[in-house]
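Colleague:
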Amino acid sequence: MLTAATIAWLAMPAHAEIEAAGAPSLALPVDCTLGQTCFIQFYVDLAPGPEIRDHTCGRLTYDGHKGTDFRLPDYPAMRAGVDVLAAADGVVRAIRDGELEGEADGRSVEHLEGKDAGNAVVLVHANGWETQYSHLMRGSVVVRPGERVKTGQVLGKIGLSGRSNFPHLDFAVRQDGKVIDPFLGAKPDANCEKPSVSLWNEAARGVMPYRPSGVLLAGFAAVEPNKIEVRKGAERALAFDAEAPLIVFYADAFGILEGDTEELVIFAPDGSLFARHQSVFSRDVQQRFQYVGRKRPSEGWRLGTYRGEYRLTRSIDGATRIVASTAREAVISER
4 MLTAATIAWL
14 AMPAHAEIEA
24 AGAPSLALPV
34 DCTLGQTCFI
44 QFYVDLAPGP
54 EIRDHTCGRL
64 TYDGHKGTDF
74 RLPDYPAMRA
84 GVDVLAAADG
94 VVRAIRDGEL
104 EGEADGRSVE
114 HLEGKDAGNA
124 VVLVHANGWE
134 TQYSHLMRGS
144 VVVRPGERVK
154 TGQVLGKIGL
164 SGRSNFPHLD
174 FAVRQDGKVI
184 DPFLGAKPDA
194 NCEKPSVSLW
204 NEAARGVMPY
214 RPSGVLLAGF
224 AAVEPNKIEV
234 RKGAERALAF
244 DAEAPLIVFY
254 ADAFGILEGD
264 TEELVIFAPD
274 GSLFARHQSV
284 FSRDVQQRFQ
294 YVGRKRPSEG
304 WRLGTYRGEY
314 RLTRSIDGAT
324 RIVASTAREA
334 VISER
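Mapping the sequence shown onto the working numbering, position 247 (from 1) lands on 250, and the numbers just tick up by one.
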């Protein structure tokens, strides 16, 4: 079982000086496709004090975050089961399993009792290096302390245990107890402006380009959608009958920055504008659920295919660019 000593690194500074000797070459620790079936939502926070800064000098992190969060888009993806994999050869130092799952916001802090990592596995590698895999699914851990594991070996499954508000793996790296950002490597003076050599192996680097923003979910609903229920799997229909009281298009996005512009539009079967929502953000937003739609008119719906589009735009180097977008279609037909 994990003890306070094995997870005390969570409170340690991220900028302690270290030596690069014998750094592990890390493989992707999740069995999913980044940008499609899973996403990196948060990186290690490199900024001292209350400011935030990830390894690209971007803001896809939060104050004091010490790991890389590989998240799933929703609960159905978690329930389907996504394997967590050993990022390098090592020996299991500690495990915890059996912790309850559910959004931390819905549970008391006392319930966690210091078990913020939830169900987790800690692997020891050569030269004082360790990796930790946190927030695993209850009952999914398949390794035991003292067991030798190989790169790519299954450790458990992505879950929602511990201090977690969405299904994800918090993957953390440390050497001699000091937190390391795997995207920067082990050089003592590495930072977002002066990076070192990444710890990720070539295969992992090839599938994890930096995406500052993204769309987790999008779809249509015939009722006013509730974000919690949508994230749990509701409102996924692709067809509605002519008696539907509403037609709504929703999107669940992450990585929104102050000054970004969000737009959701629905186009009617003839291509005309059916509904539109636009907003400009006055502050950073880690995750945003928004929808747009209309009530059924007195004459009834126009039958056919409706198209919903989501766009998040940002001013970059003086030019407006789309940083996240998606589109979905739904059909309204007679019963």
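Every residue, glycine too, gets a C-beta built ideally from N, C-alpha and C.
Can you list, in chain order, the residues of its chain with a C-beta nearer than 8 angstroms to that of Arg56? Leave out the 5 residues immediately preceding and following it.
Modeller: Locating residue 56 in the sequence shown gives position 53, counting from the first residue. Around Arg56: Asp48, Leu49, Ala50, Arg62, Thr64, Cys195.
Colleague: Of the residues Ala123, Leu88, Pro79, Ala91, which one's Cα is nearest the Cα of Ile98?
Modeller: Translated into positions along the sequence shown, residue 98 becomes position 95. Among Ala123, Leu88, Pro79, Ala91, the Cα nearest to that of Ile98 belongs to Ala123.
Colleague: Check whether the segment 188-206 touches the segment 28-47, taking contact to mean three or more Cβ pairs, one atom from each stretch, closer than 8 angstroms.
Modeller: yes
Colleague: Can you list, in chain order, the residues of its chain with a C-beta nearer than 7 angstroms to that of Val146? Leave out the 5 residues immediately preceding and following it.
Modeller: Here residue 146 refers to the residue found at position 143 when the sequence shown is read from its first residue. Result list for Val146: Val95, Ile98, Val124, Val152, Leu158, in chain order.
Colleague: Spatial neighbours of Thr264 within its chain, please: CB distance less than 7 angstroms, with the 5 preceding and 5 following residues excluded, ordered by chain position.
Modeller: In the sequence shown, residue 264 corresponds to position 261, counting from 1. For Thr264, where only same-chain residues beyond five positions count, the Cβ hits under 7 angstroms are Gln281, Val283, Thr316.
Colleague: Provide the residue(s) that pair with Asp3 in DSSP beta bridges, ordered along the chain.
Modeller: The shown model of the chain, from 4 to 338, leaves out residue 3, and the question about it has no answer.
Colleague: With respect to the beta strand (DSSP E) encompassing Arg286, which residues constitute its N-terminal and C-terminal limits?
Modeller: Along the sequence shown, one-based indexing puts residue 286 at 283. It is not in any beta strand (DSSP E) - Arg286 carries neither H nor E in the DSSP assignment.
Colleague: For Pro75 versus Cys41, is the C-beta distance shorter than 8 angstroms?
Modeller: The count along the sequence shown starts at 1 and reaches residue 75 at position 72. The count along the sequence shown starts at 1 and reaches residue 41 at position 38. A small correction: the amino acid at residue 75 is Leu; Pro does not occupy that position in the sequence shown. Result yes, Cβ atoms of Leu75 and Cys41 sit closer than 8 angstroms.
Colleague: Are there 16 or more other CB atoms within 10 angstroms of the CB of Val85, so buried, or fewer, so exposed?
Modeller: What you label residue 85 is simply residue 82 of the sequence shown in a count that begins at 1. Burial is judged here by how many other beta carbons sit within 10 angstroms of a residue's own beta carbon; Val85 has at least 16 and is buried.
Colleague: Give me the residue from Ala189, Lys181, Ser143, Gly296 with the minimum Cα distance to Gly101.
Modeller: Counting from 1 along the sequence shown, the entry for residue 101 is found at position 98. Closest option to Gly101, Cα to Cα, is Ser143.
Colleague: Should Val334 and Gly307 be called a contact, given that it needs their Cβ atoms to be closer than 8 angstroms?
Modeller: By one-based count along the sequence shown, residue 334 stands at place 331. By one-based count along the sequence shown, residue 307 stands at place 304. Yes, these two residues count as a Cβ contact at 8 angstroms.
Colleague: Tell me the rounded alpha-carbon separation between Ala340 and Tyr46.
Modeller: The chain is shown from 4 up to 338; residue 340 falls before or after that span and cannot be answered.
Colleague: At what residue ranges does the segment 185-214 contain a whole run of the beta strand (DSSP E), taking only runs of 3 or more?
Modeller: none
Colleague: How about Tyr313 and Phe270: do their beta carbons lie closer than 8 angstroms?
Modeller: Sequence index remark: in the sequence shown, residue 313 carries index 310 (1-based). Sequence index remark: in the sequence shown, residue 270 carries index 267 (1-based). No. Outside cutoff.
Colleague: Ignoring anything shorter than 4 residues or poking outside the segment 231-307, list the alpha helix (DSSP H) runs there in chain order.
Modeller: Not a single unbroken stretch of the alpha helix (DSSP H) spanning 4 or more residues falls wholly within the segment 231-307.
Colleague: Let me check understanding here. Comparing Cα to Cα, which of Lys160, Ala254, Val176, Ile161 lies closest to Ser130?
Modeller: Walking along the sequence shown from the start, residue 130 turns up at place 127. The amino acid occupying residue 130 in the given sequence is Asn; Ser does not appear at that position. Minimum Cα distance to Asn130 is reached at Val176.
Colleague: How big is the Cα-Cα spacing for Gly149 and Thr134?
Modeller: On the sequence shown, position 146 is the one that residue 149 refers to. On the sequence shown, position 131 is the one that residue 134 refers to. Answer to the nearest angstrom: the Cα atoms are 15 angstroms apart.
Colleague: According to DSSP, Tyr136 sits in a beta bridge with which residue or residues?
Modeller: Mapped onto the sequence shown, residue 136 falls at position 133. In DSSP, Tyr136 forms a bridge with Val124, Phe174.
Colleague: Give me the Cα-Cα distance between Glu232 and Gly222, rounded to the nearest whole angstrom.
Modeller: In the sequence shown, counting from the first residue as 1, residue 232 sits at position 229. In the sequence shown, counting from the first residue as 1, residue 222 sits at position 219. About 13 angstroms.
Colleague: Taking 8 angstroms as the threshold, find out whether the segment 322-333 comes into contact with the segment 288-302 through three or more Cβ pairs.
Modeller: Output reads no: the segment 288-302 does not touch the segment 322-333.
Colleague: Between which two residues does the beta strand (DSSP E) containing Thr64 stretch?
Modeller: As a working note, residue 64 is residue 61 in the sequence shown. Looking at the DSSP string, Thr64 is not in any beta strand (DSSP E), and its letter there is neither H nor E.
Colleague: Would Arg110 be called buried (16 or more neighbouring beta carbons within 10 Å of its own) or exposed?
Modeller: Indexing the sequence shown from 1 puts residue 110 at position 107. The predicted model places Arg110 with a pLDDT of 49, which falls under 50 and marks its position as unreliable; any figure quoted below should be read in that light. By the 10 Å Cβ count, Arg110 comes out exposed.
Colleague: Which residues bound the beta strand (DSSP E) around Ala129?
Modeller: Taking the sequence shown and counting its residues from 1, one reaches residue 129 at position 126. No beta strand (DSSP E) contains Ala129, which DSSP labels as neither H nor E.
Colleague: DSSP three-state label for Ala91, please.
Modeller: Counted from its first residue, the sequence shown places residue 91 at position 88. The answer is coil: DSSP assigns Ala91 none of H, G, I, E or B.
Colleague: In three-state DSSP terms, what is Tyr78?
Modeller: Sequence index remark: in the sequence shown, residue 78 carries index 75 (1-based). Tyr78: helix per DSSP, three-state reduction.
Colleague: In the DSSP output, which residue or residues are listed as bridge partners for Phe42?
Modeller: One-based indexing of the sequence shown puts residue 42 at position 39. Answer by DSSP bridge pairing, in chain order: Arg74.
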